[in-house]
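K.L.:
There are 2 protein chains.
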Amino acid sequence: MSFTEYISSVISISKLLEKEITTISKKITVSKGHNLISIDDRCNNLYFIEKGLIRGYYFVDGKEITNWFAQESEFATCFYAFIASKPSFEIIQTIEECELIELNYSALQDLYKRFPETERIGRMITENYYIKLEERILNLQFKTAKERYQKLVSSRPSLLQRASLGQVASYLGITQETLSRIRAEL
Amino acid sequence: MSFTEYISSVISISKLLEKEITTISKKITVSKGHNLISIDDRCNNLYFIEKGLIRGYYFVDGKEITNWFAQESEFATCFYAFIASKPSFEIIQTIEECELIELNYSALQDLYKRFPETERIGRMITENYYIKLEERILNLQFKTAKERYQKLVSSRPSLLQRASLGQVASYLGITQETLSRIRAEL
DNA sequence: CTCATTTTTTGATATATGTCAAAAATCTTT
DNA sequence: AAAGATTTTTGACATATATCAAAAAATGAG
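Note that the protein sequences, when read in sequence, are chains H and W.
Every letter in the first sequence is one number past the one before it in the numbering used here, and letter 126, counting from 1, is 126.
Take the position in the second sequence, starting the count at 1, then add 1000; the result is the number in the numbering used here.
1) Can you give me the Cβ contacts of residue 1165 of chain W inside the same chain, cut-off strictly under 7 Å, excluding the 5 residues immediately before and after it?
2) Taking C-alpha atoms, which residue in H:155, H:116, H:12, H:52 lies nearest to residue 34 of chain H?
3) Give the residues of chain H in contact with residue 1136 of chain W, contact being defined as C-beta atoms less than 7 Å apart.
4) Would you say residue 133 of chain H faces chain W, with C-beta separation under 7 Å as the test?
5) From the beta carbon of residue 149 of chain H, is the nearest beta carbon of chain W less than 7 Å away?
6) Check the DSSP bridge columns for residue 1098 of chain W and list the partner residues they point to.
7) Measure from the alpha carbon of residue 189 of chain H to the alpha carbon of each residue in H:65, H:78, H:7, H:15, then state which is nearest.
8) Compute the Euclidean distance between the alpha carbons of residue 1013 of chain W and residue 1003 of chain W, then round it to the nearest angstrom.
9) Alpha carbon to alpha carbon, how far is residue 40 of chain H from residue 91 of chain H?
10) Check for me: the beta strand (DSSP E) holding residue 1051 of chain W runs from which residue to which?
11) Mapping DSSP to helix, strand and coil, what is residue 1069 of chain W?
12) What distance in whole Å lies between the Cβ atoms of residue 1072 of chain W and residue 1001 of chain W, which are believed to be in contact at a cut-off of 8 Å?
13) Is there contact here, the stretch 1109-1127 of chain W with the stretch 1145-1161 of chain W, by at least three beta-carbon pairs under 8 Å?
14) Look at the alpha carbon of residue 183 of chain H and the alpha carbon of residue 140 of chain H, and state the distance between them as a whole number of angstroms.
15) Helix, strand or coil for residue 62 of chain H? Go by DSSP, reduced to three states.
16) To the nearest angstrom, how far is it from the Cα of residue 1017 of chain W to the Cα of residue 1124 of chain W?
17) Please list, in chain order, the chain W residues whose beta carbon lies closer than 7 Å to that of residue 60 of chain H.
18) By Cβ distance, which residues of its chain are closer than 7 Å to residue 107 of chain H, with the 5 residues on each side in sequence left out?
19) Helix, strand or coil for residue 173 of chain H? Go by DSSP, reduced to three states.
20) By Cβ distance, which residues of its chain are closer than 6 Å to residue 31 of chain H, with the 5 residues on each side in sequence left out?
21) Is there a Cβ from chain H that is less than 7 Å from the Cβ of residue 1130 of chain W?
22) Can you tell me the Cβ-Cβ gap for residue 27 of chain H and residue 121 of chain H, rounded? I've got them flagged as a contact below 8 Å.
23) On the three-state DSSP scale, how would you describe residue 1163 of chain W?
24) Nearest-angstrom Cα distance between residue 131 of chain H and residue 1069 of chain W?
25) Please give me, in chain order, every unbroken run of the beta strand (DSSP E) with length at least 3 that falls completely inside the stretch 1071-1134 of chain W.
26) Does any C-beta atom of chain H lie closer than 7 Å to the C-beta of residue 1117 of chain W?
27) Kindly list, in the order they appear in chain W, the residues whose Cβ is closer than 7 Å to that of residue 126 of chain H.
28) Using 10 angstroms around the beta-carbon of residue 48 of chain H, count the other beta-carbons present and answer buried if the total reaches 16, otherwise exposed.
29) Determine the burial state of residue 1109 of chain W: buried for a count of at least 16 other Cβ atoms within 10 Å of its Cβ, exposed for fewer.
30) Roughly how far, in whole angstroms, is the beta-carbon of residue 1075 of chain W from the beta-carbon of residue 1036 of chain W, given that I think they are within contact range, below 8 Å?
As structure tokens, then:
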């Protein structure tokens, strides 16, 4: 889904607004394995994914921990850093070649001001992020590794083909070996 | 800290705004063990805690799971339900007798409109909720039960005196027995 | 296509935390 | 203060998942 299509699915957009959105949208193509944002970077951009897969990760005891995955029609950024204007605590990396719409923080603030109906988009993004986190906590806290895996498979079936086992395992909060065993017995 | 003091610490408030805030603030006292919001309730109120302790909890396999604690100078509501205008998935219960400021959702929206500077408060509340969740995930996923306990003790020392062991244990994602043992060996 | 590198799987063993049950301690209410 | 209710602690044992190591499979560069 293109960014404009996504927006239209949330609010109805006038010709004028459409033009405005085009103006602030910067379409970029990024190769696989590229870091969009590194740790301690200022995080002034929000990326809408038209095509591709991105993850956010950080290090714990020298090990990469994947914090989230984002795919087509989703947004990617260090959300905490973006809303709080703090340095990023995670690395944002493309897992596949990506076609992205880059949105600048201040351009977005500006858009909110001039087209108040776009605030709805901002709120929806925030809520989406929040809800995803809530769900993740429920999962981590009360499901077995197998249940977490099954849930991921059903909600994002293609992820296992697109991301590496280690990336998925750390996202699920288990070791790669355990994930491999879970997968084998099903 | 009173609600007005709290607001003043975030934004500077005019006499007019102060009066307005007083108008929409409803000060209530609630006895211990009272449910402010039950599961499936519409969640139209946000509570600022001037005094007391509140928790949000839900049931998993018939067991109570505490999702969060909120104490003096913090807000309490089913945040997900509040922002998304969905029914609450948790029960919000006072753990101690509480003095609260009850804020109505639509009165708040109205305030945002009429005093745009108050939007900042709304955003800060949202961000606060989000950041707390992020931190909790990091904790749950990569710390041992003991480390999670120690962190809680240092960030909210009084909680262990104010909430029951079972409530704290489920918040930390461990059983009451395990928490009891951790506490004994330190 | 082949060799080298990376990723995934398998095996043996260790360990943190859970479960169930009962005792001990603490808190309420009369 | 006593009796009952609730909460916390302790014990024995079970189990899911981690760790470390090595083999197997998949991927990628030349």
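Glycine is no exception: its CB is placed at the ideal position from the N, C-alpha and C atoms.
In this text the structure is predicted, and so the values were computed from the model without any measurement.
P.N.:
Result, derived from the coordinates:
1) Here residue 1165 of chain W corresponds to residue number 165 of the second sequence, with the count starting at 1. Hits under 7 Å: 1176, 1179, 1180.
2) Locating residue 34 of chain H in the first sequence gives position 34, counting from the first residue. Of the candidates H:155, H:116, H:12, H:52, the one whose C-alpha sits nearest the C-alpha of residue 34 of chain H is H:52.
3) What you label residue 1136 of chain W is simply residue 136 of the second sequence in a count that begins at 1. In chain order, 137 make up the part of chain H whose C-beta sits under 7 Å from the C-beta of residue 1136 of chain W.
4) The residue given as residue 133 of chain H occupies position 133 in the first sequence. Judged by the 7 Å Cβ criterion, residue 133 of chain H is in contact with chain W.
5) Residue mapping note: residue 149 of chain H aligns to position 149 of the first sequence, counting from 1. Under the Cβ distance rule, residue 149 of chain H does not count among the residues neighbouring chain W, no pair being separated by less than 7 Å.
6) Counting from one through the second sequence, the residue named residue 1098 of chain W turns up at place 98. Under DSSP, the beta-bridge partners assigned to residue 1098 of chain W are W:1030.
7) One cannot answer for residue 189 of chain H here, as it falls past the ends of chain H, which runs 1 to 186.
8) In the second sequence, counting from the first residue as 1, residue 1013 of chain W sits at position 13. In the second sequence, counting from the first residue as 1, residue 1003 of chain W sits at position 3. Each residue's Cα considered, the two are about 12 Å apart.
9) Position 40 of the first sequence, counting from 1, holds the residue named residue 40 of chain H. Position 91 of the first sequence, counting from 1, holds the residue named residue 91 of chain H. Rounded to the nearest whole angstrom, the CA to CA distance from residue 40 of chain H to residue 91 of chain H is 9 Å.
10) One-based indexing of the second sequence puts residue 1051 of chain W at position 51. Looking at the DSSP string, the run of the beta strand (DSSP E) that includes residue 1051 of chain W is 1045-1051.
11) Within the second sequence, numbered from 1, the residue matching residue 1069 of chain W stands at position 69. Strand.
12) Along the second sequence, read from residue 1 onward, the residue named residue 1001 of chain W stands at position 1. Along the second sequence, read from residue 1 onward, the residue named residue 1072 of chain W stands at position 72. Right, the Cβ-Cβ distance comes to about 7 Å (below 8 Å), so this counts as a contact.
13) Proximity of the stretch 1109-1127 of chain W to the stretch 1145-1161 of chain W falls short of the contact definition, fewer than three beta-carbon pairs being nearer than 8 Å.
14) For the purposes of this step, residue 183 of chain H is taken as the residue at position 183 of the first sequence. For the purposes of this step, residue 140 of chain H is taken as the residue at position 140 of the first sequence. Distance between the alpha carbons of residue 183 of chain H and residue 140 of chain H: 18 Å.
15) Here residue 62 of chain H refers to the residue found at position 62 of the first sequence. It is coil, neither helix nor strand.
16) Taking the first residue of the second sequence as 1, we reach residue 1017 of chain W at position 17. Taking the first residue of the second sequence as 1, we reach residue 1124 of chain W at position 124. Going from the Cα of residue 1017 of chain W to the Cα of residue 1124 of chain W covers about 18 Å.
17) In the first sequence, counting from the first residue as 1, residue 60 of chain H sits at position 60. By Cβ distance, chain W contributes 1142.
18) The residue given as residue 107 of chain H occupies position 107 in the first sequence. Hits under 7 Å: 24.
19) Start at 1 with the first residue of the first sequence, and residue 173 of chain H comes out as number 173. Residue 173 of chain H falls in the coil class under three-state DSSP.
20) Along the first sequence, read from residue 1 onward, the residue named residue 31 of chain H stands at position 31. Counting only Cβ-Cβ distances below 6 Å, and skipping sequence neighbours, we find 97.
21) In the second sequence, counting from the first residue as 1, residue 1130 of chain W sits at position 130. Residue 1130 of chain W counts as touching chain H.
22) As a first step, residue 27 of chain H is located in the first sequence; it is residue number 27 there, counting from the start. As a first step, residue 121 of chain H is located in the first sequence; it is residue number 121 there, counting from the start. The C-beta distance from residue 27 of chain H to residue 121 of chain H rounds to 18 Å, too long to meet the 8 Å contact threshold.
23) Start at 1 with the first residue of the second sequence, and residue 1163 of chain W comes out as number 163. The answer is coil: DSSP assigns residue 1163 of chain W none of H, G, I, E or B.
24) Stepping through the first sequence from its first residue, residue 131 of chain H is reached at position 131. Stepping through the second sequence from its first residue, residue 1069 of chain W is reached at position 69. Rounded to the nearest angstrom, the two C-alpha atoms are 18 Å apart.
25) Whole beta strand (DSSP E) segments, 3+ residues: 1091-1094, 1098-1104.
26) Counted from its first residue, the second sequence places residue 1117 of chain W at position 117. No, no contact with chain H.
27) Position 126 of the first sequence, counted from the start, is the residue given in the question as residue 126 of chain H. The answer, in chain order, is 1126.
28) Position 48 of the first sequence holds residue 48 of chain H. It counts as buried.
29) What you label residue 1109 of chain W is simply residue 109 of the second sequence in a count that begins at 1. It is exposed - the Cβ of residue 1109 of chain W has fewer than 16 other Cβ atoms within 10 Å.
30) In the second sequence, counting from the first residue as 1, residue 1075 of chain W sits at position 75. In the second sequence, counting from the first residue as 1, residue 1036 of chain W sits at position 36. Between residue 1075 of chain W and residue 1036 of chain W, the beta carbon gap of about 12 Å keeps them out of contact (Cβ cut-off 8 Å).
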